[in-house]
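Notes for the one structure printed next.
Protein chains: 2
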Amino acid sequence: MVTTRPRRVAAPAPAARLRPVIEGIRPLVDGGRFRAKAAVGDDVVVEADVFVDGHDLLRCEVRHQCDGDRRWAAVPMQPLGNDRWRARFPVDAVGPHRFTVHADVDRWGTWTRDLAARVGAGQDVAAELGEGAALLAAAAGRAKGADRAALAAASGCLADAVRGLETDLPDLPDRLAAGDTLADLVFGGPLADLARRYGPSDTAVTSPPCPLVVEPALARFANWYELFPRSASPDADRPGTLADVVDRLPYLARLGVDVLYLPPVHPIGTTSRKGPNGAVIAGPDDPGSPWAIGSADGGHTAVHPDLGTLGDFDRLVAAAAERGITVALDLAFQCSPDHPWVADHPQWFRHRPDGSIRFAENPPKQYQDIFPLDFDTPDWVALWEALAEVVWFWMDHGVSVFRVDNPHTKPFGFWEWLIGAVKADRPDVLFLSEAFTRPRVMERLAKVGFSQSYTYFTWRRTKWELQEYLTELAGKADYLRPNFWPNTPDILTDQLQTGGTPAFIARLVLAATLAASYGIYGPAFELQQHAAREPGSEEYAGSEKYAVRHWDLDAPDSLADLVGRVNAIRHDHPALQYDHPLTFHHVDNDQLIAYSKSRGDDVVLVVVNLDPVYPQAGWLDLDLAALAVAPDRPFVVHDLLTDAHYRWDGARNYVALDPAAVPAHVLAVRPVRP
Amino acid sequence: MVTTRPRRVAAPAPAARLRPVIEGIRPLVDGGRFRAKAAVGDDVVVEADVFVDGHDLLRCEVRHQCDGDRRWAAVPMQPLGNDRWRARFPVDAVGPHRFTVHADVDRWGTWTRDLAARVGAGQDVAAELGEGAALLAAAAGRAKGADRAALAAASGCLADAVRGLETDLPDLPDRLAAGDTLADLVFGGPLADLARRYGPSDTAVTSPPCPLVVEPALARFANWYELFPRSASPDADRPGTLADVVDRLPYLARLGVDVLYLPPVHPIGTTSRKGPNGAVIAGPDDPGSPWAIGSADGGHTAVHPDLGTLGDFDRLVAAAAERGITVALDLAFQCSPDHPWVADHPQWFRHRPDGSIRFAENPPKQYQDIFPLDFDTPDWVALWEALAEVVWFWMDHGVSVFRVDNPHTKPFGFWEWLIGAVKADRPDVLFLSEAFTRPRVMERLAKVGFSQSYTYFTWRRTKWELQEYLTELAGKADYLRPNFWPNTPDILTDQLQTGGTPAFIARLVLAATLAASYGIYGPAFELQQHAAREPGSEEYAGSEKYAVRHWDLDAPDSLADLVGRVNAIRHDHPALQYDHPLTFHHVDNDQLIAYSKSRGDDVVLVVVNLDPVYPQAGWLDLDLAALAVAPDRPFVVHDLLTDAHYRWDGARNYVALDPAAVPAHVLAVRPVRP
């Protein structure tokens, strides 16, 4: 056996000596690869596992700043148990933000905790008091001015106590219990703060910066409304214009619309133009799809002559702003065969071996009126920059919200670059991802920068499906903000096709109360359009995508007043302006779904009958804690839709909802004051 | 409005163009900060979310190598659905390993898929065939030799087909269906492999290397046994020695022991030595605690003179090895007041203001016979290196397994450095973490390098507790290997104190069949020692920690034969040599727990009666898929403990277990061949 041996060990690195561990930080998206999302008005809640070997106590804090600030603000973290710590801080400045988690051994706290345990067990603590004096003396050495003097004086006082106490130690527990000055000195008060503040920091550990993006409150909460300007004409004999949309603004304001989203307003190609209901051959008067962008009149930076001029567009943006309505524009990065880029930049498109440009396909489906851009072209840098120019063009025309068409068919790297570049310049600008595709793809688009995302809500109909899906979304809340739509120009669900008014109301209430951002495609929604192109299809009959429609806003069955009421409730109730906390409550009837949200004192409880045909009733088992209601006190629920009031008592309450009346309760919950 | 504007966009970085995304890789511990664990004989199962924008198909593979190898081995990944991919590869070389996930757009696969869809829809595919010819020609340009010739020929053939097909395209579906050569050419066979192999790699993405550590199979599976050498004397008149342990080896071999773990064998201090049952004052003949290490006879690299010599130790290691038993040594990095380091390196200990060295404490608890080392001493580098010397000393004496005492009271950075340094030199050396502390701390010790971890198994007794805990451990399997112990010298649970033989058997079977690594502290276990020091205590009466014991191995109630049988079953059944897969099966009696493990053809189903007093019976609802049993075929279960055979049919089966007989079934499951 070898008992003397050459040294085989590399000396430990200095960092090995740092003892506290910081793990499991949230919010942190893919280890910091992407920014977690926050919006003005949010409290950012930071949590982390923080611990150290042995028995020492820790002090932990979150430090945060806007990127580029010189100073950090600090917030102490509170232990939640099981080595989990939490702090929260408000954000009010739009732009990139970051935070770190900072941990250090709390030598003073550890010393006082151990001293108390020793005193309690009647142990000799003279040497321990001497150690306290030494800790204070060392702290004094790191302090200045009055702090230094206070620490030095306290250290001397403790050292004196040691000398005095050596003879009368048995009295110490009584003296401490009696509130002796020494006890104050050691265990609490301003001295403890000083002792911690000037404690040694040689074991301090700081996490890497965790990136956040703070967006406008509009990213978190808004009532959206989509309409086709060419269908906004009050005159059945001519198509609508942007000027007509200006005239529509009072109606939209009555509906409580915050964001007015317009499909593309650009010139539409004629080559391979689609006809009514998407027919492959268009008639001479068919207007074509607004998504077949570009003609001799221009491309992505032009306004369709039939809709008006750039000046009309500017006037619409300004008039909407006066009513508090933000105009959102569609970004559909694709071209009609007549788009100026086809001639000017043929290299931006994919060609087939016969020299023809590939039209859009998802084989065997073919979209002959659209040429996809080839994001992978050797000339990709010029193409990407040209697309960025489009965004800046419309930003310069007052657009700060973009709804992006099919972002999942363009590279993630493109969006990350584009949105990053835009936000570096204009952090207030928002992008909504219209990607109805696979979960990982939708999540990635949210991570690379989209402020909001369309979701599967449209197809989630049963209680189980809705609860599962909202629970899944809660797990992505650090980076993905859902925007719920009961319908879109592409999606008329079979529920709306067959469920009648109860289905429209139920889907409206679900969307408007489950998600802080939601929208409807109107006037098709409030006018309860439910005819599909053909059985089994989710396409609207006579879809506005391919035809001009004229809408009778005064139709007697219009849900406009209900939409206005629901949106007003959302404006009045902060609980509905955040996605979380969302709590599902048990009802013993699978056709009834119940959930609540709260924000400060505002608590809203929603019950919806998912059955569009039959009245449904059942017993609610409320989670009273989620409603901030004491179990031994009655409370009042005020139905914000019908203005009815009910006095409830305890967790178990009976609910009945008739689809022939209003198939939902939206209840403000208020405790009855003693 | 500004319509012309200066360029405000930074050009995209070249990497922005790479389209595939790789996310959610596992195994990957804290984003690669730590090595995931594998053992010789494992299949490493790698999974990742891999996806790309649009509709293109991907090809994905895992590449892996031993650190330092020049070449990577590649394994194709298979899609599991929902953008999840999986591959597996075996590991057989001990040491650091790594893998990457590699993804690329499968242009050939995408082309053939789209072509099939187009043909199916009766579309004109002449241009598409031309594109296929171009893909093959480009691949030929990247290939050499025979591959190049084959690709060029195929490209020409396809191009010829285009020219020919332009006139008879309507036949194509029939020709493809009839197995025409063209179909073979396009859709399958060796050409497809070549086309993929030499496809363009300009969109290829590779994940960062993901680190693994491959450890000996012993890290995954072993029967452990702890004994105190000083209690191994066959002669009641003298304490045991290392030579007595050599004589005990045949007994241990009969028990099926793989790892023999010895508490510290070093000289024991006399200052403040503890007496029987941990008494503060020791009598003159009391031997003291083996964990109070160090006396005038030496420290951590010496053998207690009463146990023998270093030569005796070497002979024990060699004799054990001859029987296939590995000797594991205790690493308890602390000193008695008489340890040579106290005089030679006083700066390695913490001093109080009065100059005395601090003994170990967890206030108000005091351990006067032990001085903790001050890992944070200004002289920390020298201290850490001295501790490393201790490890190398014993490695040089044939020790390759260390059980580490209370690692959670030393800095994580110390263990990461020490274990990393040891494994760089001797990747076969294993460390078992004896940290009975908070979950995050136990997890971190596993992450920084410990091969195995003590667990809370000892205190998990109900079916719900056991299932919850095993499920929790499954979530940590990438880095934490549990080692289950029904008892230790510190822990005599109330179950064993009060449950009699049924409790001993049930806990033995649970430990031995739930975890691939388990151990008992004997002979206290097999001799069913159950007397506690005092009511409410988990300490053994007359604990061997403070006293020499003499054991009657021939006692009639010894469970040695049963332990031997259980350990033999473990040696015979690969299913029990891995922690996973572990499946719990439903039994309609909460006192009965049922679970199964499988490995290849080997399937073992275990049912245990958790009630030590009453017989319990119930209906099992078996997950037949987990048992690899066809639902429509009978199967045989063979009780490996009692040798009974039962013929079962279907998922629902009756079980009854009487604690007065054997309170457990360990059933080998075998389908009846048709």
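These protein sequence lines map, in sequence, to chains F and B.
In this text, residue positions in the first sequence follow our numbering: the first is 1, and each later residue adds one.
In this text, residue positions in the second sequence follow our numbering: the first is 1001, and each later residue adds one.
The C-beta atom is built at its ideal place from N, Cα and C for all residues, glycine as well.
A check of alpha carbon separations from residue 1518 of chain B across B/1499, B/1456 and B/1497 identifies B/1456 as the nearest. Proximity of chain F to residue 1409 of chain B at the Cβ level (cut-off 9 Å) is accounted for by 53, 54 and 55, in chain order. For residue 1444 of chain B, at least one C-beta of chain F is nearer than 7 Å to its own C-beta. Contact note: residue 1018 of chain B reaches chain F through 413, using a C-beta cutoff of 7 Å and chain order.
With a threshold of 16 other beta carbon atoms within 10 Å, residue 82 of chain F falls short and is exposed. The C-beta of residue 1510 of chain B has 16 or more other C-beta atoms within 10 Å across all chains shown, which makes the residue buried. The Cβ atoms of residue 1194 of chain B and residue 1151 of chain B sit closer than 7 Å to each other.
Approximately 7 Å separates the beta-carbon atoms of residue 133 of chain F and residue 162 of chain F; this is inside 8 Å, confirming the contact. Residues of chain F whose Cβ lies closer than 8 Å to the Cβ of residue 1124 of chain B do not exist; the shortest such Cβ separation is about 11 Å. Boundaries of the beta strand (DSSP E) harbouring residue 330 of chain F: 326-331, taken from the DSSP string. In this structure, residue 1087 of chain B keeps its C-beta atom at 7 Å or more from the C-beta atom of residue 1105 of chain B.
Excluding five sequence positions before and after residue 305 of chain F, the CB atoms of its chain that fall closer than 6 Å to its own CB belong to 297, given in chain order. Pairing residue 1570 of chain B with residue 1562 of chain B gives a Cβ-Cβ distance that is not under 7 Å.
Contacts between residue 1438 of chain B and chain F, judged by CB atoms closer than 9 Å, involve 51, 82 and 83 in chain order.
In terms of Cβ geometry, residue 383 of chain F and residue 348 of chain F form a close pair [threshold 7 Å]. For residue 552 of chain F, there are no C-beta contacts with chain B under 8 Å, since the nearest C-beta of that chain is about 35 Å from it. If the five residues before and after residue 1276 of chain B are omitted, its C-beta is found closer than 6 Å to the C-beta atoms of 1546 and 1547, all from its own chain and listed in chain order.
The C-alpha of residue 394 of chain F lies about 26 Å from the C-alpha of residue 271 of chain F.
Secondary structure of residue 231 of chain F (DSSP, three-state): helix. When the beta-carbon positions are compared, residue 620 of chain F and residue 594 of chain F come within less than 7 Å of each other.
The beta carbon of residue 477 of chain F sits no closer than 7 Å to any beta carbon of chain B. Under DSSP, the beta-bridge partners assigned to residue 61 of chain F are F/76 and F/102. Taking the beta carbon of residue 127 of chain F as reference, the chain B residues within 8 Å of it are 1352, 1353, 1354 and 1356, listed in sequence order. Around the beta carbon of residue 279 of chain F, fewer than 16 other beta carbons sit within 10 angstroms, so the residue counts as exposed.
Think of a sphere of 7 Å around the beta carbon of residue 1417 of chain B: the chain F residues whose beta carbon falls inside it are 12 and 16, in chain order. CA-to-CA, the gap between residue 1365 of chain B and residue 1050 of chain B works out to about 54 Å. In this chain, the alpha helix (DSSP H) harbouring residue 1567 of chain B covers 1560-1572. Burial is judged here by how many other beta carbons sit within 10 angstroms of a residue's own beta carbon; residue 37 of chain F has at least 16 and is buried.
Going by C-alpha positions, residue 230 of chain F is about 15 Å away from residue 310 of chain F. For the stretch 1303-1337 of chain B, the beta-carbon criterion of a distance under 8 Å to any beta-carbon of chain F is satisfied by 1310 and 1314. Annotation for residue 1421 of chain B: no beta strand (DSSP E) segment contains it, though the alpha helix (DSSP H) segment containing it runs 1412-1425.
The DSSP-derived three-state label of residue 1155 of chain B is helix. For residue 1023 of chain B, the neighbours in chain F by C-beta distance under 8 Å run, in chain order, 30, 440 and 444. Per DSSP, the continuous alpha helix (DSSP H) segment holding residue 1439 of chain B begins and ends at 1439-1448. By the criterion of at least three beta-carbon pairs nearer than 8 Å, the stretch 480-488 of chain F is in contact with the stretch 448-468 of chain F. In terms of Cβ geometry, residue 1635 of chain B and residue 1606 of chain B do not form a close pair [threshold 7 Å].
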